[in-house]
RNA sequence: GGAAGGAUGGCAGAGCGGUUGAAUGCAACGGUCUUGAAAACCGUCGAGUCGCAAGGCUCCGUGAGUUCGAAUCUCACUCCUUCCGCCA
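In this note's numbering, the protein residues as written are 194 to 623.
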């Protein structure tokens with residue numbers, strides 16, 4: 194949620210910033226609503242003040258056994274009028290709020306301006322001097338071919354029992370998912386200082402509003418038929434909402450949380466895209482990183498958080514690059530986003546494996562998550578950040594494609610071996 | 001699922017329908033005292049919103065109702081606690 198004051202006081206700046214995003218945002222109805230609302234508010238409060246005055250006077254007169262008939266007559270007309278005005282104000286406020294809630298965050302000043310992903314800027318690649326070459330003597334396979342030959346990915350069974358965009362991981366495949374998850378959680382908790390959380394995989398409307406998935410992106414979510422719950426599309430939702438409604442002592446910040454969860458997405462707008470393989474599933478595992486910070490430290494925190502996600506890929510020795518998303522490609526709540534894209538030799542391209550965002554106070558305002566300054570006692574919104582550290586399914590894709598050998602076998606990355614009970618090589622079964 | 005109780009400020013915990021935005025305690029902050037600290041004492045101490053300001057208005061789980069006036073009365077809902085049943 195944008196700060197109402199900023200939107201009101203710097204309209205041309207806000208509009209210019211919004212214009213750099215994809216989609217167009219017209220603020221004229223917003224400003225009209227805002228003006229009407231303030232007028233109504235002034236009127237309502239004047240009436241309320243009078244009502245309070247009268248009831249105080251009536252109380253005093255009754256105590257003194259005086260006659261309050263005249264005041265009661267005034268209330269007879271003022272009462273209904275007030276009720277009507279209050280109702281109108283309330284409606285207007287709701288309209289205004291829902292206008293405001295539909296506006297995305299303003300991109301930070303340093304974010305490159307661009308219309309879509311073509312405007313993104315590659316900041317760095319790892320390892321340095323990495324060449325996107327493929328072996329001369331053999332052609333790397335797609336991960337789904339690698340996985341099926343190893344007997345660890347079973348798409349057919351999933352299609353049968355559930356439908357498209359689901360997978361059964363079998364044997365070493367299931368174990369690899371578990372190993373990747375444990376490796377990432379250990380890294381973040383033991384070396385990067387995060388608290389591990391195991392949150393609920395269901396959430397409610399309020400939390401989804403807090404992080405910005407609702408009201409605009411309902412069609413991306415799975416919801417239950419008989420209960421008012423949604424399946425989480427990312428652990429960002431429960432983790433960030435842990436501080437919802439709270440006033441946190443400045444001394445307790447930053448709060449750094451990590452969690453493994455399954456994530457559930459409708460992928461409603463992605464029909465026909467990435468239909469094969471693990472890249473775009475309705476359910477996938479992800480290790481998430483969330484920071485709750487003081488405003489002045491959030492941009493630095495974004496660099497740390499991103500480096501923590503990068504460390505996962507470095508330890509797994511997976512080539513990747515770090516990309517600054519441009520204004521046209523950023524998510525709704527984000528003010529600044531870095532994507533990590535991992536190299537997939539089987540497909541000959543880089544694919545997103547992590548997305549790290551600073552939402553500044555955008556989610557905090559929606560959640561009413563605030564901090565209290567130690568010195569001044571002033572209360573102000575916290576800043577929230579989130580990032581994947583990293584997507585587990587896509588990490589498996591990257592391992593399968595990068596570690597495959599000419600004979601169809603897959604070498605287990607060193608970092609994962611402690612989690613795989615000594616397995617160091619997966620051999621094809623067919 | 002059944003029964004009972006509860007929901008008030010950072011926490012604890014009062015609150016005859018009318019200066020109660022809310023006693024009291026703790027915590028916190030400022031000060032006095034002290035070489036320093038502790039203790040003691042004095043003071044400050046909820047959030048939001050409108051306004052240049054003075055000041056006004058809103059908020060005691062949520063919504064509706066009764067009333068001139070509701071934290072306080074009525075109804076519905078939500079959540080929490082305890083007991084019973086069921087259950088991974």
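Every residue, glycine too, gets a C-beta built ideally from N, C-alpha and C.
This one's a predicted model, so the numbers in the text were calculated from it and none came from an experiment.
Count the CB pairs spanning the stretch 453-464 and the stretch 532-540 that are closer than 8 Å, and state whether there are at least three.
Fewer than three Cβ pairs drawn from the stretch 453-464 and the stretch 532-540 lie within less than 8 Å of each other, which leaves the two stretches out of contact.
Ignoring anything shorter than 3 residues, give me the beta strand (DSSP E) runs that lie fully in the stretch 278-337, in order along the chain.
314-319
Sort 259, 571, 480 and 321 by Cα distance to residue 441 and report the nearest one.
571
Looking at the secondary structure, which residues open and close the alpha helix (DSSP H) in which residue 556 lies?
Segment 555-560, the alpha helix (DSSP H) holding residue 556.
Same chain, Cβ closer than 7 Å to residue 426, neighbours up to 5 away in sequence not counted:
406, 413, 414, 456, 457 and 458
Taking the DSSP output, what are the residues bridged to residue 536?
543
Taking the straight line between their C-alpha atoms, what separation do you get for residue 495 and residue 609?
Each residue's Cα considered, the two are about 27 Å apart.
Assign residue 174 to one of three DSSP states: helix, strand, or coil.
This structure gives no information on residue 174, because the portion of the chain shown stretches from 194 to 623.
Kindly give me the distance between the Cβ atoms of residue 380 and residue 505, rounded to whole angstroms, as I take these residues to be in contact under 8 Å.
6 Å
Closer than 8 Å is the cut-off here; do at least three beta carbon pairs connect the stretch 335-352 with the stretch 552-561?
no
Comparing C-alpha positions only, which one of 585, 359 and 295 sits nearest to residue 474?
359
I need the DSSP call for residue 452, collapsed to helix, strand or coil.
Strand.
Considering just the uninterrupted stretch of the alpha helix (DSSP H) at residue 419, what are its terminal residues?
Counting along the chain, residue 419 falls outside any alpha helix (DSSP H), and DSSP gives it neither H nor E.
Inter-stretch contact (C-beta, 8 Å, three-pair minimum) for the stretch 292-304 and the stretch 521-530:
yes
Pairing CB atoms from the stretch 235-254 with CB atoms from the stretch 319-329, are three or more of them under 8 Å?
No: fewer than three Cβ pairs fall under 8 Å.
If you measure between the beta carbons of residue 233 and residue 281, is that distance less than 7 Å?
yes
Evaluate the contact criterion for the stretch 580-589 versus the stretch 475-494: three or more CB pairs, one atom per stretch, below 8 Å.
yes
Per DSSP, residue 574 is paired with what?
563
Cutoff 6 Å; reference residue 251; Cβ partners in own chain excluding five residues on either side
261 and 264
Assigned secondary structure, residue 466 (DSSP; H/G/I helix, E/B strand, else coil):
coil
What does the alpha-carbon distance come out to for the pair residue 548 and residue 434?
19 Å
Quick one: what's residue 513 bridged to in DSSP?
319 and 535
Cβ contact check for the stretch 392-404 and the stretch 364-384: 3 or more pairs under 8 Å
no
With a Cβ-Cβ cutoff of 7 Å, do residue 619 and residue 603 count as a contact?
yes
Beta-carbon proximity check, residue 194 vs residue 559, cutoff 7 Å:
yes
Let's see if you can read the secondary structure: which residues bound the alpha helix (DSSP H) around residue 379?
Its alpha helix (DSSP H) spans residues 365-379.
Determine the extent of the beta strand (DSSP E) in which residue 237 is found, giving its start and end residues.
Counting along the chain, residue 237 falls outside any beta strand (DSSP E), though it belongs to the alpha helix (DSSP H) covering 221-256.
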